[in-house]
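Visitor: One line per chain: the protein sequences are A and B, in this order.
My numbering numbers the first residue of the first sequence as 1 and each following residue consecutively.
My numbering numbers the first residue of the second sequence as 1001 and each following residue consecutively.
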Amino acid sequence: MLPNYASPIERIWFWTFRTLCVLILIFLVSPLLVIVPLSFSSDSFLLYPIHSFSLRWYQEFFGNGVWLHSLKNSFIVAPAATLLATSLGTLAAVGLTSSDFPGKSLLMTVLISPMVVPVVIVGVGAYLFFAPLGLSNSYPALILVHTALGVPFVVITVSATLRGFNNNLIRASASLGGNAITTYRRVVLPLIAPGVISGALFAFATSFDEVVVTLFLAGPEQTTLPRQMFSGIKENISPAIAAAATVLILFSIALLLSLEWLRGRAERMRTSLAE
Amino acid sequence: MSESLSVNAPLTAADGEPLKLKLARERRNKQLKAVALIAPLAIFLLLTFVIPIATLLKRSVDNPEVVSYLPQTTKAIAGWDRRALPSEDVFRAMSQDLLVAKENKTIFEVAKRLNMDITGFRSLLQKTARKMPLELAAGESVRDRFIQIDERWGDPDHWHVIAKNAKSWTPFYLYSSLDLRETKAGTPELAPVEERAFLNIFGRTLWISLWVTVFCLLLGYPLAYWLANLPARKSNLLMILVLLPFWTSVLVRVASWIVLLQREGLINSALMNLGLIHEPLQLAFNRVGVYIAMVHILLPFVILPAYSVMKSIPQTYMRAAISLGDHPFAAFWKIYFPQTVAGVAAGALLVFIMCIGYYITPALLGSPEEQMVSYYVAFYTNVTINWGMAAALGSLLLIATMTLYAVYSKLVGANRLSLG
């Protein structure tokens, strides 16, 4: 990296810069490393040093109806929202990339806007709209709004994949007698699958991590895991939160690994197609 | 030969139809198909996202209380000259409305609304409503009786407030959100200093967002530069350290920062053990904690776009500049940096846009001094149940966000947005 002829100032700069970057990386991961051991503490406070280890907080997490109920709710709402967001978003992305029409960029801006509109506004607006319909404190409203929040990610990732898509493949399929649906199912979908799945993962993570809309729209029945953590942090911060956090961290590692695997697969497919 | 072809006869398809028409029809079909594919999502977002937000916007100017619960007064007061006391008709209409409102228990709503304009109106209205229906002596006017119940009814200012609110919409909440008040002439003026609150909150929101963006740039740019110039194997591995926190729940990260930053937290005890400090530092539940946690959460949003821009810049450019005699720093500044500005600026703008809507982190890691606009939207919704104020603050926040987002789309192009 550093050539032999580097001057002392260059050497000092090189190492300072390196140290700085490593420190920033430590800043990024330290919070995740810090909370995991605490979940194995037998103390009742979220404090270091840990005097003795136990699984008591995991028992609390998996044995306590409140935590388990919220985990179950998260696994109802997030997959449902993901399924909806992925199907609607993929269709729209196919439409957006297949042809040009007036107002397309404006439409795209609107479709992406749930990503930037402050969630509090989405939450209050959804409450004002759904409460008179008798849909506040219900699963459907929560799922619908979580879908809206996840849709932009699907649209973005799928359109990005489609832009690299070779349209001659569609023509080839048509010339071989495939109708539109066969072509889509057997040619387009397998090729854009990595984009679709990574969009789905983003949508899932968005719903799985969502608190603010849930604060406004969910009743005690619909409390999700993040919502339960929010009140946990606000009211009594116990190591059960660390246990919940560890479960969530494991979950995000799984999400990240699947995404990286997909990326690698897409990369390999692209290079093999080029050859 | 080719000339004679194009001039004499238009190109036609096998069935004799001009090719131009056929092409145009084909293109229109394709557009229709595209629209049909987008329509489900567009309709879905309209119902679950656009209309709810429009409902919120409408709420910020809604003023239904006086119009719907004091209907006769609303009608009668329209003809008032707004100088002397209103006529006997208005008083009579008021007494009838108050009787109905008392029986329907809607009096509370009106009282609450009018109390926002003049403190004490709530008790005045409720006190008067309790006296309904009036049993008047022969020749006694309703007006005299009202003034006898409470002399504030003889004050034109109180009637002025009723007249002002006898419209189904009002700029009141939007004005209040900007610390403005309506003068009698109907023009806005700035509230006295001691009554101002929201300008300060908007200022604070922008100020915190600005600093978070600056810190994200200061930390994110060098790291992205380092990662982009490492061999791919190494940088992919280190990139995981950036992506893992990015994928981790915001609440997990806030909880961790509380563990690290609280009074008995890891950082304070480490510093105390090292003998660097003797008293624990106040790091959480103040501005410092909010900055640290927000920078941590938003840093990947600068690093990822910066990294992808820097990856596309060939390393040879810098080497060429240095080999031509430039100092490495000068080469960086003149050759490398300008190529990264656009991409990094877009990332920074996105961070700023996300910042101004932040709610969770300040709510959990800040003191009241750190709460931003979003917090007050939630506060007026959940705590005081003042929909008008919640909607007005939300609308202003939305306008700010959408303006910045429009700038962002113009700069980056929403259709070129990419993730990671």
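Yeah, the Cβ is synthetic: ideal placement off N, Cα and C, and Gly gets one too.
These numbers come from a predicted model, not from an experiment.
With C-beta atoms as the reference, is A:L38 less than 8 Å away from A:A254?
Guide: No, they are not a contact pair.
Visitor: At 8 Å on the CB atoms, spell out the chain B contacts of A:I192, in chain order.
Guide: Those within 8 Å of A:I192 in chain B number zero; the least Cβ separation is about 14 Å.
Visitor: Name the chain B residues whose beta carbon is nearer than 7 Å to that of A:A126?
Guide: Per Cβ cutoff of 7 Å: P1052.
Visitor: Quick one: which unbroken alpha helix (DSSP H) runs of 4-plus residues sit fully inside the stretch 129-198 of chain A? Chain order, please.
Guide: The qualifying runs are 139-163, 168-175, 180-183.
Visitor: Applying the 10 Å Cβ sphere with the 16-neighbour rule, what's the burial state of B:Q1262?
Guide: With 16 or more other Cβ atoms within 10 Å, it is buried.
Visitor: Run through the stretch 1217-1258 of chain B for me and flag every whole alpha helix (DSSP H) of 4 or more residues, listed as ranges in chain order.
Guide: Entirely contained in the stretch 1217-1258 of chain B, the alpha helix (DSSP H) runs reaching 4 residues are, in chain order, 1232-1247.
Visitor: Answer yes or no: does any C-beta atom of chain B fall closer than 8 Å to that of A:V286?
Guide: Nothing can be reported for residue 286 of chain A, as the shown portion of chain A is limited to 1 through 275.
Visitor: Here's the rule: buried if 16 or more other CB atoms are within 10 angstroms of the residue's CB, otherwise exposed. What is B:T1119?
Guide: With fewer than 16 other Cβ atoms within 10 Å, it is exposed.
Visitor: Would you please state the rounded distance, in angstroms, between the beta carbons of A:V122 and A:L149? I believe it to be under 8 Å.
Guide: Going by Cβ atoms, the distance from A:V122 to A:L149 rounds to 7 Å, so yes, they are a contact pair.
Visitor: Which partner residues does B:E1189 have in the DSSP bridge list?
Guide: Bridge partners of B:E1189: B:R1181.
Visitor: Count the other C-beta atoms from every protein chain shown that fall within 10 angstroms of the C-beta of B:T1183, then say buried if there are 16 or more, exposed otherwise.
Guide: B:T1183 should be labelled exposed.
Visitor: Using 7 Å as the cut-off, classify the Cβ of B:A1076 as near or not near the heavy atoms of the ligand ZN, replying yes or no.
Guide: Among the ligands in the structure shown, none appear at all, so the ligand ZN cannot be discussed.
Visitor: For A:S52, which of helix, strand or coil comes out of DSSP?
Guide: Residue state, collapsed to three classes: coil.
Visitor: Between A:F165 and chain B, is the shortest Cβ-Cβ distance under 8 Å, so that the two count as touching?
Guide: Not an interface residue.
Visitor: Out of B:K1022, B:V1250, B:P1018, B:W1159, state which residue places its alpha-carbon closest to the alpha-carbon of B:R1082.
Guide: Nearest C-alpha to B:R1082: B:W1159.
Visitor: Comparing C-alpha positions only, which one of B:I1149, B:A1138, B:K1131, B:L1125 sits nearest to B:I1162?
Guide: The residue with the shortest Cα to Cα distance from B:I1162 is B:L1125.
Visitor: Can the beta-carbon of B:I1208 be found closer than 8 Å to that of B:M1402?
Guide: It is not a contact, given that the beta carbons lie outside the stated cut-off.
Visitor: Which term fits B:L1190, buried or exposed, when burial requires 16 or more other beta carbons within 10 angstroms of its beta carbon?
Guide: Result: exposed.
Visitor: Would you mind sorting B:I1297 into buried or exposed? The rule is 16 or more other CB atoms within 10 Å of its CB.
Guide: The residue in question, B:I1297, is buried, as its Cβ has 16 or more Cβ neighbours within 10 Å.
Visitor: Give me the chain B residues within the contact set of A:S231, using Cβ-Cβ distance strictly less than 9 Å, ordered along the chain.
Guide: What A:S231 touches in chain B: nothing, since even the nearest Cβ is about 10 Å away.
Visitor: According to DSSP, is B:I1322 helix, strand or coil?
Guide: Here B:I1322 sits in helix by DSSP.
Visitor: Any idea which residues DSSP pairs B:D1015 with across the strands?
Guide: Beta-bridge pairing links B:D1015 to no other residue.
Visitor: Give the interface partners of A:P3 over in chain B, defined as CB-CB distance under 8 Å, in chain order.
Guide: Those do not exist, as A:P3 stays about 11 Å from chain B at its closest Cβ, beyond 8 Å.
Visitor: In three-state terms, what does DSSP make of A:S41?
Guide: Here A:S41 sits in strand by DSSP.
Visitor: First and last residue of the alpha helix (DSSP H) that includes B:Y1307?
Guide: 1287-1311 is the span of the alpha helix (DSSP H), which, as asked, contains B:Y1307.
Visitor: Between A:Y5 and A:R11, what straight-line distance do the alpha-carbon atoms span, to the nearest angstrom?
Guide: Rounded to the nearest angstrom, the two C-alpha atoms are 10 Å apart.
Visitor: Pairing CB atoms from the stretch 50-68 of chain A with CB atoms from the stretch 26-42 of chain A, are three or more of them under 8 Å?
Guide: Touching, per the Cβ criterion.
Visitor: Closer than 6 Å by C-beta to B:K1234: which residues in its own chain qualify, once you throw out the five before and the five after it? Chain order, please.
Guide: Excluding positions up to five away in sequence, the list is empty.
Visitor: What first and last residue would you give for the alpha helix (DSSP H) that runs through B:P1156?
Guide: Where B:P1156 is concerned, the enclosing alpha helix (DSSP H) stretches over 1156-1164.
Visitor: Under 8 Å, Cβ to Cβ, is there at least one residue of chain A near B:S1409?
Guide: For B:S1409, the answer is yes, since a Cβ of chain A falls inside 8 Å of its Cβ.
Visitor: Can you confirm whether B:K1030, when its beta carbon is compared against all beta carbons of chain A, has any partner nearer than 8 Å?
Guide: Judged by the 8 Å Cβ criterion, B:K1030 is in contact with chain A.
Visitor: Among B:T1106, B:F1198, B:I1292, which one has its Cα closest to the Cα of B:F1215?
Guide: Among B:T1106, B:F1198, B:I1292, the Cα nearest to that of B:F1215 is on B:I1292.
Visitor: Under 9 Å Cβ-Cβ, which residues of chain A neighbour B:F1044?
Guide: Per Cβ cutoff of 9 Å: L84, L88, L144, T147, A148, V151.
Visitor: Which ranges would you report for the alpha helix (DSSP H) in the stretch 1020-1074 of chain B if only whole runs of at least 4 residues count?
Guide: With a minimum length of 4 residues, the continuous alpha helix (DSSP H) runs that stay inside the stretch 1020-1074 of chain B are 1051-1059, 1064-1069.
Visitor: Thinking just about the alpha-carbon of each residue, which of A:V119, A:A92, A:A81, A:N73 is nearest to the one in B:Y1358?
Guide: Looking at the Cα atoms, A:V119 is the closest of the given residues.
Visitor: Please list the partners that A:I35 has in chain B, where partner means a Cβ-to-Cβ separation under 8 Å.
Guide: Within chain B, the residues near A:I35 are V1252, A1255, S1256, V1259.
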